[in-house]
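Read the structure below first, then the notes.
Okay, here's the thing in structure tokens:
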């Protein structure tokens, strides 16, 4: 009831108050200066003045209300009253230092305060003279999918300046930094630091001893979904798994070594097979890092195919057998001997900030030590060093980015496993349309970062903005939540032979 009151009555009341003043009141409260008097985030004003909507060749300036309100008519007045009331209350009763301005600049947030009709009102000719070929392709795609797409799907940076992405084709090496000539030689089953030959990149591979565990979740687990059962006993072989998700510096090394700027000849892999022995990505549309930075942040937005190709490249470079984990391997490694909702104490109800008891007494914050998720991510990924590892020594298994598994997704995967015996290294269904992703992301709530929670790729939705025909094999245009980590296969016989030498 209160929400309905705020949504309808307050804007109505504001309209009544403004009505006697008419046009003068509307014009006065629509100036940039007036907007900035409530919007006490100077970075928005600064970025607007540095962006292409302020500094234009024609001298025309797009003002705050030109983008953040509908273009005209009753919709303009209605949204102006609603937005003005909300902003005024925020100005009076909220602390600006607590606002998440980074999240407000994301595409998801912008969907709520940038109007498609306003974009079209100013930019009526989508195929103007001088438009690049890339622009024509993109606008043609938009015209075909007009009901599904928004202008800011591609032009998020237009209203406010965004720092351009870095040129990853060039590797900057600080003086004195070692460039590795060979991969790490291993002669025992222990955690080791892998080195990528020809680069300065190294990363930690954690030794995960094999064992048995119960796959899935019990029926009474809070937040449980039906595809998490029935529970089954599974045995997993020993392996090495990446301590963290593949970082941008690792993925960028692959990109530099294999990519061809602008190439299209291997855009489609016939019969699902790669064209090259090891293929490399074509350039992405936009900045796949979302402007959050690269380095040791998890690499994101690459497709399942790109992740597989990375594993093939890494195997070839190091002489080892790297691949994506199976879903069972992933859950075994994540649980690390635990059998609850998480590998640390607590349940989703403990961490749910919307629970009325938690609102009254405060929610449990244990999860913040281990997981980057909806309530602590500030709307973006984070580097792994911020968190504690699970008992196996793995970081970010839950939250931060969803992680590819090698299995095809099926809702009844576990039901197909033997109920009265232990299944050894299950591989998932033989075929399917989408692949499993696990662990949740920086956008997920507490239930969605449970160990047993299952998810899948959504190829059509994640490629909605991509104007290319066919769609890119390498990059998701509409998903910034997915990444991956690798496993390295353990072969006791080969290790024994090496140790003898």
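In the numbering used here, the protein residues as written are 27 to 527.
Glycine included, each C-beta is placed from N, C-alpha and C at the ideal position.
All values reported here derive from a predicted model rather than from experimental measurement.
- Task: Measure from the alpha carbon of residue 327 to the alpha carbon of each residue in 345, 407 and 80, then state which is nearest.
- Result: With respect to the C-alpha of residue 327, the residue from 345, 407 and 80 having the closest C-alpha is 407.
- What are the start and end residues of each continuous alpha helix (DSSP H) run of 4 or more residues lying completely inside the segment 349-415, in chain order? If you keep only unbroken alpha helix (DSSP H) runs of at least 4 residues inside the segment 349-415, you get 353-361, 374-377 and 382-387.
- Message: Tell me the DSSP secondary structure of residue 295 in three-state form.
- Response: The pLDDT assigned to residue 295 is 46, lower than 50, so where the model puts this residue is not dependable; a value taken from the coordinates is nonetheless given after this. In the three-state reduction of the DSSP assignment, residue 295 falls in the coil class.
- Item | Whether residue 248 touches residue 371 by CB criterion (8 Å) | Residue 371 sits away from residue 248, with the two beta carbons spaced by 8 Å or more.
- Task: List the whole-angstrom C-beta distance separating residue 351 from residue 513, where the pair is believed to meet the contact cut-off of C-beta under 8 Å.
- Result: Contact holds; Cβ gap of about 5 Å.
- Item | Same chain, Cβ closer than 8 Å to residue 498, neighbours up to 5 away in sequence not counted | Annotation for residue 498: 293, 308, 310, 311, 329, 489 and 492 place their beta carbon closer than 8 Å to its own, counting only its chain and skipping 5 residues before and after.
- Is it the case that the Cβ atoms of residue 454 and residue 479 are separated by a distance below 8 Å? At the C-beta level, residue 454 and residue 479 stay beyond 8 Å of one another.
- Report yes if the C-beta distance between residue 263 and residue 224 is below 8 Å; otherwise report no. No, Cβ-Cβ distance for residue 263 and residue 224 is not below 8 Å.
- Taking residue 476 as the reference, give the member of 364, 93 and 141 with the closest Cα. Of the candidates 364, 93 and 141, the one whose C-alpha sits nearest the C-alpha of residue 476 is 364.
- Find out if the Cβ-Cβ distance for the pair residue 468, residue 426 is shorter than 8 Å. Result yes, Cβ atoms of residue 468 and residue 426 sit closer than 8 Å.
- So does residue 114 have its beta carbon nearer than 7 Å to some heavy atom of the ligand ATP? Absence of the ligand ATP from the depicted structure is noted, as is the absence of any ligand whatsoever, leaving it without description.
- Message: Can you tell me whether residue 106 is helix, strand or coil according to DSSP?
- Response: In the structure shown, residue 106 sits in a helix (DSSP, three-state: H, G or I).
- Counting only the same chain and skipping the five closest in sequence on each side, list residues whose C-beta sits under 6 Å from that of residue 261. Beyond the five residues adjoining it in sequence on each side, residue 261 comes within less than 6 Å, by CB distance, of 238, 448 and 450 in the same chain, given in chain order.
- Comparing alpha-carbon positions, which option in 57, 378, 314 and 345 lies nearest residue 501? Nearest of 57, 378, 314 and 345 to residue 501, Cα basis: 314.
- Task: Within 10 angstroms of the Cβ of residue 459, are there 16 or more other Cβ atoms? Answer buried if so, exposed if not.
- Result: Exposed, since its Cβ has fewer than 16 Cβ neighbours within 10 Å.
- Is it the case that the Cβ atoms of residue 465 and residue 429 are separated by a distance below 8 Å? When the beta-carbon positions are compared, residue 465 and residue 429 come within less than 8 Å of each other.
- Message: For a test of the three-state rule: what should DSSP assign to residue 112, helix, strand or coil?
- Response: Residue 112 falls in the helix class under three-state DSSP.
- Message: Considering only the alpha carbon of each residue, which of 213, 179, 347 and 349 lies closest to residue 506?
- Response: Comparing C-alpha distances from residue 506 to each of 213, 179, 347 and 349 shows the shortest one belongs to 179.
- Task: Closer than 8 Å by C-beta to residue 169: which residues in its own chain qualify, once you throw out the five before and the five after it? Chain order, please.
- Result: Cβ within range, chain order: 152.
- Check each candidate in 234, 424 and 284 and name the one with the smallest Cα separation from residue 337. 284 is the residue among 234, 424 and 284 whose C-alpha sits nearest the C-alpha of residue 337.
- Task: Would you kindly check if the distance between the Cβ of residue 89 and the Cβ of residue 113 is under 8 Å?
- Result: Taking 8 Å as the cut-off, the Cβ atoms of residue 113 and residue 89 do not count as close.
- Measuring CA to CA, which of 274, 93, 436 and 356 is closest to residue 6? Residue 6 is absent from the model: the chain starts at 27 and stops at 527.
- Query: Where do the N-terminal and C-terminal ends of the alpha helix (DSSP H) with residue 91 fall, by residue?
  - Reply: If you look at residue 91, you'll find it in the alpha helix (DSSP H) that goes 90-94.
- Item | For residue 218, the first and last residue of its enclosing beta strand (DSSP E) | That run of the beta strand (DSSP E) goes 218-221.
- If residue 534 sits next to residue 250, beta carbons under 8 Å apart, how far is it from one beta carbon to the other, in whole angstroms? A query on residue 534 cannot be resolved here, the shown segment of the chain reaching from 27 to 527 and no further.
- Query: Where does residue 287 fall in DSSP's three states?
  - Reply: Bear in mind that a pLDDT of 44 at residue 287, under 50, signals an unreliable position, so the number given afterwards is only what the model happens to contain. Residue state, collapsed to three classes: coil.
- Message: Does residue 441 pass the burial test, meaning 16 or more other C-beta atoms within 10 Å, or should it be called exposed?
- Response: Counting Cβ neighbours within 10 Å, residue 441 comes out exposed, since fewer than 16 surround it.
- Give the DSSP-derived three-state secondary structure of residue 171 in the structure shown. Three-state DSSP puts residue 171 in coil, outside helix and strand.
- How is residue 325 classed by DSSP in three states: helix, strand or coil? The DSSP-derived three-state label of residue 325 is coil.
- Task: Quick one: give me the first and last residue of the beta strand (DSSP E) that residue 429 is part of.
- Result: Counting along the chain, the beta strand (DSSP E) containing residue 429 begins and ends at 428-434.
- Query: With distances taken between CB atoms, is the gap from residue 131 to residue 186 smaller than 8 Å?
  - Reply: Taking 8 Å as the cut-off, the Cβ atoms of residue 131 and residue 186 count as close.
- Message: Is it buried or exposed, residue 452, if we count other Cβ atoms within 10 angstroms and call 16 or more buried?
- Response: Around the beta-carbon of residue 452, 16 or more other beta-carbon atoms lie within 10 Å, marking it buried.
- Apply the 10 Å Cβ neighbour rule to residue 120 and answer buried if 16 or more other Cβ atoms are within range, or exposed otherwise. Burial call: exposed.
- Cα-Cα separation between residue 510 and residue 323, rounded to whole angstroms: Distance between the alpha carbons of residue 510 and residue 323: 12 Å.
- Message: On the DSSP letters alone, give me the boundaries of the alpha helix (DSSP H) that residue 148 sits inside.
- Response: Run containing residue 148: 142-148, per the alpha helix (DSSP H) assignment.
- Query: Whose C-beta lies closer than 6 Å to the C-beta of residue 320 among residues of the same chain, with five residues either side of it excluded?
  - Reply: Within the same chain, residue 320 has close Cβ partners 274.
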